[in-house]
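K.L.:
For the record, the sequence lines run as chains R and U.
All letters in the first sequence, in the order written, are residues 12 to 346 by the working numbering.
All letters in the second sequence, in the order written, are residues 12 to 346 by the working numbering.
For each residue, glycine too, the CB sits at the ideal point set by N, CA and C.
2 protein chains.
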Amino acid sequence: MLKMHTLMSAMLLGCSISVASAWEALPTKAPEPTNNVSSVDKVTLGQMLYHDPRLSSTGTVSCASCHDTMLGGEDNRPNSMGVNGQTGGRSAPTVWNSAFNKVQFWDGRAASLEDQAAGPVTNPIEMGMKSWDEVVARLKSIEGYNVAFEKAFGSNAVTKENATKAIAAYERTLITPNSAYDKFVGGDKTALTEQQVRGMDKMAELGCTTCHSGATFNGEGSFQKFPVTTNGFFEAQHHFSKDKGLAEVTKKPADEHFWKVPTLRNIALTAPYFHNGSVATLDQAVKIMAKLQLGQEPAAQEITDIVAFLNALTGEFPKQTMPTLPPTEGRTVIK
Amino acid sequence: MLKMHTLMSAMLLGCSISVASAWEALPTKAPEPTNNVSSVDKVTLGQMLYHDPRLSSTGTVSCASCHDTMLGGEDNRPNSMGVNGQTGGRSAPTVWNSAFNKVQFWDGRAASLEDQAAGPVTNPIEMGMKSWDEVVARLKSIEGYNVAFEKAFGSNAVTKENATKAIAAYERTLITPNSAYDKFVGGDKTALTEQQVRGMDKMAELGCTTCHSGATFNGEGSFQKFPVTTNGFFEAQHHFSKDKGLAEVTKKPADEHFWKVPTLRNIALTAPYFHNGSVATLDQAVKIMAKLQLGQEPAAQEITDIVAFLNALTGEFPKQTMPTLPPTEGRTVIK
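(1) For Pro329(U), which option in Lys151(U), His62(U), Gly83(U), Gly57(U) has the closest C-alpha, if you only look at C-alpha atoms?
(2) Span of the alpha helix (DSSP H) holding Gln97(R)?
(3) Pull up the DSSP beta-bridge partners for Ala121(R), would you.
(4) By the 8 Å beta-carbon criterion, what residues does the region 68-82 of chain U contribute toward chain R?
(5) Less than 6 Å between C-beta atoms, sequence neighbours within five positions excluded: which residues of the same chain meet that for Thr339(U)?
(6) Taking Gly288(U) and Asn90(U) to be in contact with their CB atoms under 8 Å, please state how far apart those CB atoms are, rounded to whole angstroms.
(7) Taking the C-alpha atoms as reference points, what is the distance between Phe285(U) and Met333(R)?
(8) Taking any Cβ of chain U, which residues in the region 320-345 of chain R have a Cβ under 8 Å from it, in chain order?
(9) Looking at the secondary structure, which residues open and close the alpha helix (DSSP H) in which Trp143(U) lies?
(10) Taking Val147(U) as the reference, which of Leu60(U), Ala75(U), His250(U), Gly243(U) has the closest Cα?
(11) Can you round the beta-carbon distance between Ala180(U) and Val54(U) to whole angstroms, since I take them to be within the 8 Å contact cut?
(12) Which of the three DSSP states is assigned to Gly348(U) in this structure?
(13) For the region 222-242 of chain U against the region 102-122 of chain U, do three or more pairs of beta-carbon atoms, one drawn from each stretch, fall closer than 8 Å, so that the two count as touching?
(14) Between the Cα of Thr129(U) and those of Leu305(U), Ile178(U), Ala202(U), spot the shortest distance and give me the residue it belongs to.
(15) Determine the chain U residues that contact Leu293(R) at a beta-carbon separation under 9 Å, and present them in chain order.
(16) Ignore the nearest five residues each way along the sequence and tell me which others in Glu313(U)'s own chain have a CB closer than 7 Å to its CB.
(17) I need the DSSP call for Met92(U), collapsed to helix, strand or coil.
(18) Taking 8 Å as the CB-CB limit, is Val318(U) close to chain R?
(19) Is Val239(R) a contact residue of the ligand SAH, with contact defined as CB to any heavy atom under 7 Å?
(20) Is there a Cβ from chain R that is less than 8 Å from the Cβ of His249(U)?
(21) Considering only the alpha carbon of each residue, which of Met81(R), Gly139(R), Asn112(R) lies closest to Asn95(R)?
(22) If you follow the beta strand (DSSP E) that Phe269(U) is part of, which residue opens it and which one closes it?
(23) Going by beta carbon distance, what residues of the same chain come within less than 7 Å of Val114(U), once the five residues before and after it are set aside?
(24) Work out the CA separation of Asn322(R) and Thr281(U) for me, nearest whole Å.
(25) Please return the same chain residues whose Cβ sits closer than 7 Å to the Cβ of Thr175(R), not counting the five positions on each side in sequence.
(26) Could you list which residues in chain R have their beta carbon closer than 8 Å to that of Ala282(U), in chain order?
(27) Looking at Pro188(R) and Leu37(R), is the spacing between their C-beta atoms short of 8 Å?
(28) Whole angstroms are fine: how far does the CA of Ala33(R) sit from the CA of Gly197(R)?
(29) Is the Cβ of Ser32(U) closer than 8 Å to any Cβ of chain R?
Put into structure tokens, the structure is as follows:
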């Protein structure tokens, strides 16, 4: 397969980018770690945990509240709302296809879906549980969870580690194949409109696909700096640089403003945009990215073409059956 | 079929209540008003609206947030949490089998599911939309809803009236048949344990089934006074009388402390109990009801038997497919 720099050279030679083999369709199966091989029982348990608001202090916020699989895998809000109406500074990334990321969270601070799943549950402004000990105690007090954990992991299995493994196993099923783009790449040249093909070529020509590369259009979640260049106008409007990204975690100056590249898959469904959700529309997002990352100012028609192509990255959402959450007969675990 | 007062006479004559014909299985279809005959398209639209948090000001609260079909049809909280973490004074009733109620809300102030559905959306502490005009404008700005309303109701159909009709049509599908009790009433005498049959008989003997009557165990949502008698101990603990029920709406002294009788169907799944959610467990709820409504103090074993029977009223929850909510490509309707 052509590497992106080879592709760029090809482009400079005047080749049609849209038919180059570097464009990849989305795999229908996500990679999984050797210590968390999937099973039907794990996925079943994980889907329950993912949708259970009793994993939050108030009983009102589940993973699905901010990463809503019915709504593009996130919440369409600038930033998410956790327990007691609290909000943070970042916009919820989509859960769909997150299984293809090498790292998780906007700042990439989690090395796996398992690590990621552990975070929000005890974050005071997200799900607000005091500790995972409290979470595990609550889960153990729900008979149906004892049964489901045993099925998935064996006896005495209600632990933080297994809960996050089950959630991750479920998330690995959340893949959206067969977008118009995937069909096009698979050989159906009628799957994209002429405008969408123009947008596709333009993205490669501008250099968008240098970072938004590969099947998930994010280098599988590689790190890149944003913004690369400072622009007073956009900074005054959107305050992109206020949040230092990876450096907020590592405290290293070299990591300032480094972020996991977000996927462009289903990007049309995940407005508003950027780490702080400060950009309302996709065309404005494209305009800002071109300027700040590539020093380019595409014409209005070119931006429209690119947005048309980005709409072709909306995949098919596999139908899901709602889980029935394990009950607590005659009592509740929420105070 | 024997009426309840006939049944009570039969009981006094020493008949076995549990085999009397007044015990009714749950119908598998709910009644519907002539001006809102159901259709697949209405139910499909209604399920989307029911699960769409964009019907709230913050984009975080849907009907399903407080009436969660995955969790017994409510939220297991003493009182529900609306937009921005606000709470009110009442506990969310279950949506399951609500289609059989003649009136809706704890105080019965809505005459139909259609009327009920209109309320929370614009309640400032629930879903917080400024007005239904605002809701309709938001729905009209989502292309997929225009299509879904047209399928269900014809052209130019995005209105408050049709939105609430669709939600009601969906809610009329939320029926939980085939509980152990239903099987028993249907002729399977092994479906209940001996203890559950004792509890069933005891409920009729005490008089519980005078109000908790019929297939839904609530006289289809008739009005009754609660508490009938005042008890300083329970009042100090639970403040039942603070909320005047129907009179809060009608302002008539005669309506003070009148409430729609809540269903006992799936009651084991809907703790905590009473209009203010102040009673944590089902056995305590039975004890309080016996004392305040009937002047009775059943023995501990009798309460345990009744609770065992109430657990037999948990029905089968039909599997539901999660709706995909209509997207807003490249933008959001949430500020």
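P.N.:
Taking the definition as stated:
(1) Here the closest residue by C-alpha is Gly83(U).
(2) Membership of Gln97(R) in any alpha helix (DSSP H) is not indicated, and neither H nor E is assigned to it by DSSP.
(3) Paired residues: Gln115(R).
(4) Of all residues in the region 68-82 of chain U, those with a C-beta nearer than 8 Å to a C-beta of chain R are Thr69, Gly70, Thr71, Ser76, Asp79, Thr80, Met81, Leu82, reading in chain order.
(5) Excluding sequence positions up to five before and after Thr339(U), its CB lies within less than 6 Å of the CB of Ile153, all in the same chain and listed in chain order.
(6) For a cut-off of 8 Å, the C-beta gap from Gly288(U) to Asn90(U) is around 5 Å, short enough to register as a contact.
(7) Inter-residue distance for Phe285(U) and Met333(R) is about 28 Å (C-alpha atoms, whole angstroms).
(8) Per Cβ criterion, the list reads Leu321, Asn322, Thr325, Phe328, Lys330, Gln331, Thr332, Met333, Pro334, Thr335, Leu336, Pro338, Thr339, Glu340, Gly341, Arg342, Thr343, Val344, Ile345.
(9) Note, Trp143(U): alpha helix (DSSP H), 143-151.
(10) Of the candidates Leu60(U), Ala75(U), His250(U), Gly243(U), the one whose C-alpha sits nearest the C-alpha of Val147(U) is Leu60(U).
(11) Contact check for Ala180(U) and Val54(U): beta-carbon distance about 5 Å, within the 8 Å limit, so the pair qualifies.
(12) Since the first residue of chain U shown is 12 and the last is 346, residue 348(U) is not available in this structure.
(13) Taking a cut-off of 8 Å for Cβ pairs, the region 222-242 of chain U and the region 102-122 of chain U touch, as three or more such pairs fall below it.
(14) Sequence check: residue 129(U) is Ala here, not Thr. It is Ile178(U) whose Cα lies nearest to the Cα of Ala129(U).
(15) Contact note: Leu293(R) reaches chain U through Glu340, Gly341, Arg342, using a C-beta cutoff of 9 Å and chain order.
(16) Excluding sequence neighbours, Glu313(U) sits near Lys213.
(17) Strand.
(18) Output row for Val318(U): interface = yes.
(19) Summarising the ligand content, the structure contains no ligands, and the ligand SAH is consequently not present.
(20) No, His249(U) lies away from the interface with chain R (no Cβ there is under 8 Å from its Cβ).
(21) Out of Met81(R), Gly139(R), Asn112(R), Gly139(R) has the C-alpha closest to the C-alpha of Asn95(R).
(22) Element bounds for Phe269(U): 269-271.
(23) Only Ala121, Ala122, Gly232, Lys271 meet the Cβ criterion.
(24) One C-alpha to the other measures close to 43 Å.
(25) The residues are Glu125, Ala128, Ala129.
(26) Around Ala282(U), the beta-carbon contacts reaching into chain R at under 8 Å are Thr339, Gly341, Arg342, Thr343.
(27) Yes; because the gap between Cβ atoms is below 8 Å, this pair is in contact.
(28) So the alpha carbons of these two residues sit roughly 12 Å apart.
(29) Here the model assigns Ser32(U) a pLDDT of 45, short of 50, so the residue's position is not dependable, and the following value carries that caveat. So no, Ser32(U) is outside the interface.
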